[in-house]
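S.K.:
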Amino acid sequence: MGWFIVAVFLVDDVAGGGIVAIPTAMVQTEFYLGVAMLLLALAVTAYTAHVLGLSWNILLDTWPEYRVHCRSPYPEVAFRAMGDKARKLVSINNGITQFGISVVYLLLSSKNIHDTIKTIWIQETCNILITIHCILTLIIVINPLNQDLEELFHCPHHFCWQRVAVRTGCMICVVFVGESIPNFGPLLDLVGGSAQTLSSVILPALFYLFLVSGQSMKEKLGRHPSSSPSLSE
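With mature numbering (1 follows the signal peptide of the UniProt record, and there is no 0) as the guide, the letters of the sequence shown map in order to residues -16 to -1, 1 to 217.
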């Protein structure tokens, strides 16, 4: 698929979480403060998205093996910036984020389906559209976690029973957590305030800083970029 289709999927994915979270956040912070915080979050995430893209371009320019298909680009950025421990941290953090968001989408979809039976037709239409969005977005959100689990269990990179078993087991875990936590509000707050903030605000800027520092050290000192700079450097 082309870049435009990928962009549409990404906007659809990210906007879905915002539709769920922003109304409650605006009510709790009041209008003017809520708008100010929303604009601040917009500026911060736009910057971190930009530097994350620059970090990926550094990988493409420095390590030719990334110019072909890469199943886990974000963990690879972490690996080239700060080493193997950073890659494991990002993989675990992304797994927690995607699993938590998948549970939220599942709970919201089930709640909308349940409430649709009792509401008028306009509300039914809105609930049905949001439910379809959540169900389809759930497939996108949980896919990176499924791929990490497939790598962990050494599943072949083609359709096979191992991949079916891993993905079915992951979905069963999502349903189990959803049944255990029937209210998605606290779970959304927990995931959004911890794992999501770490992966979308803090880590991109940190990895970009390390990658740029590594490139500068290579130019000035002749050090190979595969050796990550230390915090003092």
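Note that the Cβ used here is the ideal one computed from N, Cα and C, for glycine as well.
How many angstroms separate the CA atom of Asp132 from the CA atom of Leu113?
M.R.: Roughly 30 Å separates the two Cα atoms.
S.K.: Taking three-plus beta-carbon pairs below 8 Å as touching, is the stretch 145 to 155 in contact with the stretch 107 to 121?
M.R.: Segments in contact, no.
S.K.: At what residues does the alpha helix (DSSP H) containing His34 begin and finish?
M.R.: Counting along the chain, the alpha helix (DSSP H) containing His34 begins and ends at 15 to 46.
S.K.: Could you give the DSSP three-state label for Arg71: helix, strand or coil?
M.R.: Three-state DSSP puts Arg71 in a helix.
S.K.: Spatial neighbours of Thr81 within its chain, please: CB distance less than 7 Å, with the 5 preceding and 5 following residues excluded, ordered by chain position.
M.R.: Only Val175, Ala179, Gln180, Ser183 meet the Cβ criterion.
S.K.: Pull up the CB-CB distance for Val196 and Ser86, whole angstroms please, since I reckon it's below 8 Å.
M.R.: Not a contact, Cβ separation roughly 34 Å.
S.K.: Which word fits Pro140, buried or exposed, when buried means at least 16 other C-beta atoms lie within 10 angstroms of its C-beta?
M.R.: By the 10 Å Cβ count, Pro140 comes out exposed.
S.K.: The alpha helix (DSSP H) with Arg51 in it runs from where to where?
M.R.: Segment: none, Arg51 is in no alpha helix (DSSP H) and carries neither H nor E.
S.K.: Looking only at its own chain, which residues have a Cβ that is under 7 Å from the Cβ of Leu38, when we skip the five neighbours before and after it?
M.R.: Counting only Cβ-Cβ distances below 7 Å, and skipping sequence neighbours, we find Tyr192.
S.K.: For the stretch 16 to 23 against the stretch 34 to 50, are there 3 or more C-beta pairs whose distance is under 8 Å?
M.R.: Counting Cβ pairs under 8 Å, fewer than three are found: no touch.
S.K.: By the three-class DSSP mapping on this structure, what secondary structure does Cys154 have?
M.R.: Note: Cys154 maps to helix in three-state DSSP.
S.K.: Taking 9 Å as the threshold (C-beta atoms), are Ala27 and Leu190 in contact?
M.R.: The answer is no: Cβ separation not under 9 Å.
S.K.: Just how far apart, CA to CA, sit Val52 and Trp105?
M.R.: Cα to Cα, the separation comes out at about 49 Å.
S.K.: Ile124 lies in the alpha helix (DSSP H); which residues open and close that run?
M.R.: First-last of the alpha helix (DSSP H) with Ile124: 105 to 136.
S.K.: Excluding the 5 residues flanking Phe83 on each side, which residues of the same chain have their C-beta closer than 7 Å to its C-beta?
M.R.: Excluding sequence neighbours, Phe83 sits near Leu129, Val158.
S.K.: May I ask you to report which of helix, strand or coil DSSP gives Ile80?
M.R.: Ile80 falls in the helix class under three-state DSSP.
S.K.: Hey, Gln199 and Ile(-12): beta-carbon distance below 9 Å or not?
M.R.: Not a contact, by the Cβ cut-off of 9 Å.
S.K.: With a 10 Å radius around its C-beta and 16 neighbouring C-beta atoms as the bar for buried, classify Glu134 as buried or exposed.
M.R.: By the 10 Å Cβ count, Glu134 comes out buried.
S.K.: Which first and last residues belong to the alpha helix (DSSP H) in which Pro57 is found?
M.R.: Residues 57 to 66.
S.K.: Could you tell me the distance, in whole angstroms, from the CA atom of Met155 to the CA atom of Ala149?
M.R.: For Met155 and Ala149, the distance between alpha carbons rounds to 10 Å.
S.K.: Mapping DSSP to helix, strand and coil, what is Phe(-13)?
M.R.: In this structure, Phe(-13) counts as helix in the three-state DSSP scheme.
S.K.: Less than 6 Å between C-beta atoms, sequence neighbours within five positions excluded: which residues of the same chain meet that for Ala70?
M.R.: Closer than 6 Å at Cβ, skipping near neighbours: Ala62.
S.K.: Would you tell me roughly how many angstroms separate the C-alpha atoms of Val161 and Pro48, rounded to the nearest one?
M.R.: C-alpha separation (whole angstroms): 41 Å.
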